Amino acid sequence: MQTLNIAHLTFMEARQRRLLWAVALLGFAFLALFAVGFFLVHREFTRQAASNLSELFEVTDFFLLAGLYVVNFLMIMLAVLTSVDTIAGEISSGTIHTIVTKPLRRWEVVLGKWLGLAGMLTVFTIVMSAGMMLIVWLIAGYRPPSPVQGIALMVVEGWVLLTLSILGGTRLSTLTNGVVVFMLYGLAFIAGWIEQIGAVVRNEAAVNIGIVASLLMPSEAMWKRAAYLMEPPFLRALGIHPFSSVSTPSTAMVAYTIAYILLGLSAAIYSFQQRDL
């Protein structure tokens, strides 16, 4: 029960900082901009390629995945920026002393904050992704395959960054923690592209580099898996745009990522319990 109270307070704190309103307004503006842009592009391509359904599907799928990729990036930013000082900031300001002196265990504080931020992140990802898919369906009548699985994998990716940010906050300062988490994400991003290019040119060493990096930081692997599931099979086979996944992470990688999150959260709890406040 105390854990749920901390989660609720974390959510309320975000609302008091007007973070929820800012995210909601900017998210709505982004969806509106996407809707207008997609409508204009789709109308033009419908005129030019009315008899070429495969080309029309290609453009529609590309725009949807491009939009979802932006949502994915915004989710990553939200995951890190909302959690980077949730523990580190309270430690440096001394606020944490007020919390832990109450009848609260340290693990309840860490888990409660994680649940509150994870819930907010999940709602953001679902609303933005589902809204974008609804826009595409209303304009083009197109629905991607496996939308639920795709959105779920995007949520899991956000949880990876959130967990690492909370873990880092138990030992690092706010600035250092943010730099470390973003650099890890950048490492996974670059390694993911190295793996994709390596798969195209059949360079086993490049593919192995990407796999090792994915094991260290599995965030990009979740996006690649999500994009793969939300791409029609005939476009998937062609691999015709930047969001096509040539080397696709397996379901075992998804299981590994979930275990990675649980291990990281356990490490955050242990690290916070051992820290001298």
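Mind the numbering: the sequence shown is residues 80 to 356 in my numbering, read in order. Where a beta carbon is used, it is the ideal one built from N, C-alpha and C, also for glycine. Values in this document were obtained by computation on a predicted structure and should not be read as measured data.
Decide if Ala158 is buried, meaning its Cβ has at least 16 other Cβ atoms within 10 Å, or exposed.
Counting from 1 along the sequence shown, the entry for residue 158 is found at position 79. Answer is buried; the Cβ neighbour count reaches 16.
Taking the C-alpha atoms as reference points, what is the distance between Ile290 and Pro328?
Residue numbering aside, residue 290 sits at position 211 when the sequence shown is read from its first letter. Residue numbering aside, residue 328 sits at position 249 when the sequence shown is read from its first letter. Roughly 9 Å between the two C-alpha positions.
If I'm right that Thr82 touches Glu187 with Cβ under 8 Å, what's the distance once you round it to whole angstroms?
Against the sequence shown, residue 82 aligns to sequence position 3. Against the sequence shown, residue 187 aligns to sequence position 108. That belief holds up - the Cβ atoms of Thr82 and Glu187 are roughly 5 Å apart, short of 8 Å.
List the endpoints of the continuous alpha helix (DSSP H) containing Gly220.
For the purposes of this step, residue 220 is taken as the residue at position 141 of the sequence shown. Taken as a continuous stretch (DSSP letters only), Gly220 belongs to no alpha helix (DSSP H), as it is neither H nor E.
Tell me whether Pro165 sits in a helix, a strand or coil according to DSSP, three-state version.
Here residue 165 is taken as the residue at index 86 of the sequence shown, counted from 1. Looking at the sequence provided, one finds Thr at residue 165 rather than Pro. Coil, per DSSP.
Alpha carbons only, please: which of Phe118, Ala103, Ile269 and Ser350 is nearest the one belonging to Val138?
Locating residue 138 in the sequence shown gives position 59, counting from the first residue. Out of Phe118, Ala103, Ile269 and Ser350, Phe118 has the C-alpha closest to the C-alpha of Val138.
As assigned by DSSP and simplified to three states, the class of Ser329
Within the sequence shown, residue 329 is the residue found at index 250, counting from 1. Ser329 falls in the coil class under three-state DSSP.
Terminal residues of the continuous alpha helix (DSSP H) containing Arg122?
Translated into the one-based positions of the sequence shown, residue 122 becomes position 43. Counting along the chain, the alpha helix (DSSP H) containing Arg122 begins and ends at Leu98 to Gln127.
My output table needs one value for Asn256: the three-state DSSP class, helix, strand or coil.
Against the sequence shown, residue 256 aligns to sequence position 177. Helix, per DSSP.
Measuring alpha carbon to alpha carbon, tell me which residue in Met233, Ala197 and Ala209 is nearest Thr242.
Within the sequence shown, residue 242 is the residue found at index 163, counting from 1. Nearest of Met233, Ala197 and Ala209 to Thr242, Cα basis: Ala197.
Determine, using beta-carbon pairs with one atom in the stretch 279-298 and one in the stretch 250-258, whether at least three such pairs fall under 8 Å.
no
From which residue to which residue does the alpha helix (DSSP H) around Glu92 run?
Numbered from 1 along the sequence shown, position 13 holds the residue referred to as residue 92. Where Glu92 is concerned, the enclosing alpha helix (DSSP H) stretches over Gln81 to Gln95.
To the nearest whole angstrom, what separates the beta carbons of Ile245 and Val333, a pair I think is in contact under 8 Å?
Taking the sequence shown and counting its residues from 1, one reaches residue 245 at position 166. Taking the sequence shown and counting its residues from 1, one reaches residue 333 at position 254. Between Val333 and Ile245 the Cβ distance is about 21 Å, and since that is not below 8 Å, they are no contact.
What does a CB cutoff of less than 7 Å around Ile214 pick up in its chain, not counting 5 residues either side in sequence?
Position 135 of the sequence shown, counted from the start, is the residue given in the question as residue 214. If we look at Ile214 and ignore the five residues flanking it on each side, its Cβ neighbours are Leu110, Phe113, Ala114 and Phe117.
From Gln352, Ser208, Met262 and Val279, residue whose alpha carbon lies closest to that of Val234:
The count along the sequence shown starts at 1 and reaches residue 234 at position 155. Ranking Gln352, Ser208, Met262 and Val279 by Cα distance to Val234 puts Ser208 first.
My guess is that Leu144 and Met309 are in contact by the Cβ rule of under 8 Å, so how many angstroms apart are they, rounded?
Numbered from its first residue, the sequence shown carries residue 144 at position 65. Numbered from its first residue, the sequence shown carries residue 309 at position 230. Leu144 to Met309, Cβ: 7 Å. Contact.
Cut-off 7 Å between Cβ atoms - residues of its own chain near Gly247, not counting five sequence neighbours on either side
Residue 247 sits at position 168 when you count from the first residue of the sequence shown. If we look at Gly247 and ignore the five residues flanking it on each side, its Cβ neighbours are Asn256, Val259 and Val260.
What residue does the alpha helix (DSSP H) around Ala241 start on, and which one ends it?
In the sequence shown, the residue the question calls residue 241 occupies position 162. It should be pointed out that residue 241 corresponds to Leu in this sequence rather than to Ala. From DSSP, the alpha helix (DSSP H) with Leu241 extends over Pro226 to Gly248.
Taking the alpha carbon of Asn151 as the point to measure from, which residue in Ala338, Phe107, Leu342 and Trp302 has its own alpha carbon closest?
The count along the sequence shown starts at 1 and reaches residue 151 at position 72. For the residues Ala338, Phe107, Leu342 and Trp302, the minimum Cα distance to Asn151 belongs to Trp302.
Quick one: residues in its chain with C-beta nearer than 8 Å to the C-beta of Ile205, no 5 flanking neighbours on either side, listed in chain order?
Position 126 of the sequence shown, counted from the first residue, corresponds to residue 205. Cβ within range, chain order: Ile230 and Val234.
Would you report the Cα separation of Ala219 and Met154, rounded to the nearest angstrom?
To locate residue 219, count along the sequence shown from 1; it is residue 140. To locate residue 154, count along the sequence shown from 1; it is residue 75. If I take the Cα positions, the gap works out to 26 Å.
Tell me the DSSP secondary structure of Met156 in three-state form.
For the purposes of this step, residue 156 is taken as residue 77 along the sequence shown, with counting starting at 1. Helix.
Would you mind stating whether Ala93 and Thr201 have Cβ atoms separated by less than 8 Å?
Start at 1 with the first residue of the sequence shown, and residue 93 comes out as number 14. Start at 1 with the first residue of the sequence shown, and residue 201 comes out as number 122. No, these two residues do not count as a Cβ contact at 8 Å.
Which residues mark the beginning and the end of the alpha helix (DSSP H) in which Asn282 is found?
Stepping through the sequence shown from its first residue, residue 282 is reached at position 203. Unbroken run through Asn282: none, as it is neither H nor E.
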